[in-house]
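S.K.: Heads up: the sequence shown at position 11 corresponds to 472 in my numbering, and the numbers run straight through without jumps. We put the beta carbon where it would ideally sit given N, CA and C, even for glycine. Before anything else, here's the structure in question.
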Amino acid sequence: MRIILLLSFFTLFSYANMGEILYQGNCHTCHGYDKANSAPSAKAIQQRYKEVFEEKEAFIDFMREWIKLPKEESALMPDEIRKHGLMPILGYDDFTLNEVGNYLFETEF
Ligand code: HEC
């Protein structure tokens, strides 16, 4: 019984942290948490995306599809393109983008 409890604890724990780990590995070099370096911060992205999408699913779906093919015409933060240049196509898979999207929606930066 104890082992089962422990295992489910680890499963929950690692699930909750998946988006954060993927964000750190894939996005953080360019997107700092609350400071813009070579790209807008996670905080700024969250604010802008939540202005447009109240619902988590729509927030994640739009972000996932935009990241797969970044375009100025569909960008929600076009001023950032003028400042930093267009985000490159980086070939992330859907799983990564859904987890990172969830993390960006849920986290307080
Ligand atoms: C090599 C640097 C780099 C990496 C890595 C990177 N980005 Fe970006 N990203 C940028 C730059 C530069 C911009 C600002 C210009 C633009 O919007 O194209 C940007 C813009 C964005 C935007 C705003 C799009 C809009 O609607 O205007 C989102 C959302 C975003 N990135 C999410 C991510 C996520 C999530 C990851 C990781 C999975 C990631 N980026 C990885 C450089 C990067």
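Restricting to Cα atoms, I'd like to know which of E560, S502 and E569 is closest to E518.
M.R.: E560
S.K.: To which residues of the same chain is T606 closer than 7 Å at the C-beta, ignoring the five residues directly before and after it?
M.R.: Since the first and last residues shown for the chain are 462 and 570, residue 606 lies out of range.
S.K.: According to DSSP, is H545 part of a helix, a strand, or is it coil?
M.R.: helix
S.K.: Where Q508 and N563 are concerned, what is the direct C-alpha to C-alpha distance, given to the nearest angstrom?
M.R.: 14 Å
S.K.: The ligand HEC heavy atoms versus the CB of S499: any closer than 7 Å?
M.R.: At least one heavy atom of the ligand HEC is found less than 7 Å from the C-beta of S499.
S.K.: Could you check if A519 belongs to the surroundings of the ligand HEC, using beta carbon to heavy atom distance under 7 Å?
M.R.: no
S.K.: Is it the case that the Cβ atoms of Y494 and F566 are separated by a distance below 8 Å?
M.R.: no
S.K.: Take every Cβ of the stretch 490–504, pair it with every Cβ of the stretch 515–529, and state whether three or more of those distances are shorter than 8 Å.
M.R.: no
S.K.: Should G552 be labelled buried (16 or more other beta-carbon atoms within 10 Å of its own) or exposed?
M.R.: exposed
S.K.: Could you give the DSSP three-state label for A505: helix, strand or coil?
M.R.: helix
S.K.: DSSP beta-bridge partners for H492?
M.R.: A497
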